[in-house]
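Asker:
See the structure below:
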């Protein structure tokens, strides 16, 4: 857990500029999917006994096309999330204009559920509803369960693509450099990527690094084993 200062200036700076969810989810998602899907192609083609050239061609196509597809999908999904927040904000603005008393009662109920009561509840309700933006922010969080920090579609897409690209290239490296027993080397390197992503993910969780690494390793390994088995069915 990262320590941070608690002086008045540090608190004000931190609260006024919350980081939001960041790109951790996008990096982990892109990295795991990049290594899994690329190695699945490597395993499937190798299981079918096809040439390394085909492995490289299909692998590179997957890294670029699927990586772009994932980034575009993440961009669209995050943008849809942002558009939904803007839609809800417009709804709340209209409701405050048309039904101020009802919206004020909703603010009071939200604050009451946070533990406020009596005179403190009355004063807090007055303070919140005096500021239009604060009023809407509280409604978005309390009534709809959405965060006050807007997501960043472009940042999410870029993080997903580069994580996919970096992790997805690892299974192809032994074939690109004509390493002896390239498939075995690719398998070991990919397993290392799975474990590394899981271990890195543990920095933002309560799970031990080795447990998180093993969990991700098992997930990726299962996908690779399935692909290799399917490919082996077509081996001549």
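Residue numbers (the numbering used here): 7 to 242.
Note that the Cβ used here is the ideal one computed from N, Cα and C, for glycine as well.
In this text the structure is predicted, and so the values were computed from the model without any measurement.
#1: For a test of the three-state rule: what should DSSP assign to residue 11, helix, strand or coil?
#2: Tell me, to the nearest whole angstrom, how far the beta carbon of residue 110 is from that of residue 127; I am working on the premise that it is less than 8 Å.
#3: So residue 86 and residue 163 are in contact, right, with Cβ under 8 Å, and what is the actual spacing, rounded?
#4: Measuring CA to CA, which of 171, 138, 174, 198 is closest to residue 95?
#5: Between which residues of its own chain and residue 131 is the CB-CB distance below 8 Å, once the five residues before and five after are set aside?
#6: Can you tell me whether residue 174 is helix, strand or coil according to DSSP?
#7: So, does the CB of residue 224 fall closer than 7 Å to a CB anywhere in chain B?
#8: At 4 residues or longer, what runs of the alpha helix (DSSP H) sit wholly inside the segment 86-170?
#9: Between 215, 203, 212, 226, which lies nearest to residue 193 when the distance is taken from Cα to Cα?
#10: Which runs of the alpha helix (DSSP H) spanning at least 4 residues fall entirely within the segment 24-62, listed in chain order?
#11: Could you tell me whether the Cβ atoms of residue 200 and residue 54 are closer together than 7 Å?
#12: If you follow the alpha helix (DSSP H) that residue 218 is part of, which residue opens it and which one closes it?
#13: Which value, in whole angstroms, describes the spacing of the CA atoms of residue 13 and residue 66?
#14: With burial defined as no fewer than 16 other Cβ atoms inside 10 Å of the residue's Cβ, what is the status of residue 231: buried or exposed?
#15: Candidates 15, 47, 36: which alpha carbon is nearest residue 177's?
#16: Between the C-alpha atoms of residue 235 and residue 149, what's the straight-line distance to the nearest angstrom?
#17: Tell me the rounded alpha-carbon separation between residue 7 and residue 210.
#18: By a C-beta neighbour count over all protein chains shown, 10 Å radius and 16 as the cutoff for buried, is residue 207 buried or exposed?
#19: Helix, strand or coil for residue 187? Go by DSSP, reduced to three states.
#20: Return helix, strand or coil for residue 212, following the three-state DSSP convention.
#21: Please work out which residues of its chain come closer than 7 Å, Cβ to Cβ, to residue 223, disregarding the five sequence neighbours upstream and downstream, and give them in chain order.
#22: Could you check if residue 105 is buried or exposed, using at least 16 other CB atoms within 10 Å of its CB as the buried criterion?
#23: Measure the Cβ-Cβ separation of residue 165 and residue 34 and say whether it is below 7 Å.
#24: Suppose you measure from the CA of residue 135 to the CA of residue 37; what does that come to, to the nearest Å?
#25: Which whole-angstrom value describes the C-beta separation of residue 174 and residue 40, a residue pair presumed to lie in contact below a C-beta threshold of 8 Å?
Answerer: Per the coordinate set shown:
#1: In the structure shown, residue 11 adopts coil according to DSSP, grouped into three states.
#2: With 8 Å as the limit, residue 110 and residue 127 do not qualify as a contact, their Cβ atoms being about 12 Å apart.
#3: Between residue 86 and residue 163, the beta carbon gap of about 13 Å keeps them out of contact (Cβ cut-off 8 Å).
#4: Selected option, being the one with the closest Cα: 138.
#5: Here residue 131 has 110, 113, 114, 117 as same chain residues with Cβ atoms under 8 Å from its own Cβ, once five neighbours each way along the sequence are excluded.
#6: Correct three-state label for residue 174: helix.
#7: Judged by its chain identifiers, the structure shown contains no chain B, having just a single protein chain.
#8: Annotation note: the segment 86-170 contains the following uninterrupted alpha helix (DSSP H) runs of length 4 or greater, listed N- to C-terminal: 106-119, 124-136, 138-150.
#9: Comparing Cα-Cα distances from residue 193 to each of 215, 203, 212, 226, the minimum goes to 226.
#10: Correct list: 30-53.
#11: No Cβ-Cβ contact shorter than 7 Å links residue 200 with residue 54.
#12: That run of the alpha helix (DSSP H) goes 215-238.
#13: Within the model, the alpha-carbon separation for residue 13 versus residue 66 is close to 51 Å.
#14: So residue 231 ends up on the exposed side.
#15: Comparing Cα-Cα distances from residue 177 to each of 15, 47, 36, the minimum goes to 47.
#16: Near 49 Å, if we compare the C-alpha coordinates of residue 149 and residue 235.
#17: Bear in mind that the predicted position of residue 7 carries a pLDDT of just 48, short of 50, making it unreliable; the figure below should be weighed with that in mind. Roughly 8 Å between the two C-alpha positions.
#18: Its Cβ being crowded by 16 or more others within 10 Å, residue 207 is buried.
#19: Coil, per DSSP.
#20: Here DSSP, grouped into helix, strand and coil, assigns residue 212 to coil.
#21: Within the same chain, residue 223 has close Cβ partners 197, 200, 201, 204.
#22: It counts as exposed.
#23: Cβ atoms of residue 165 and residue 34: not closer than 7 Å.
#24: Approximately 44 Å, taken between the alpha carbons.
#25: Right, the Cβ-Cβ distance comes to about 3 Å (below 8 Å), so this counts as a contact.
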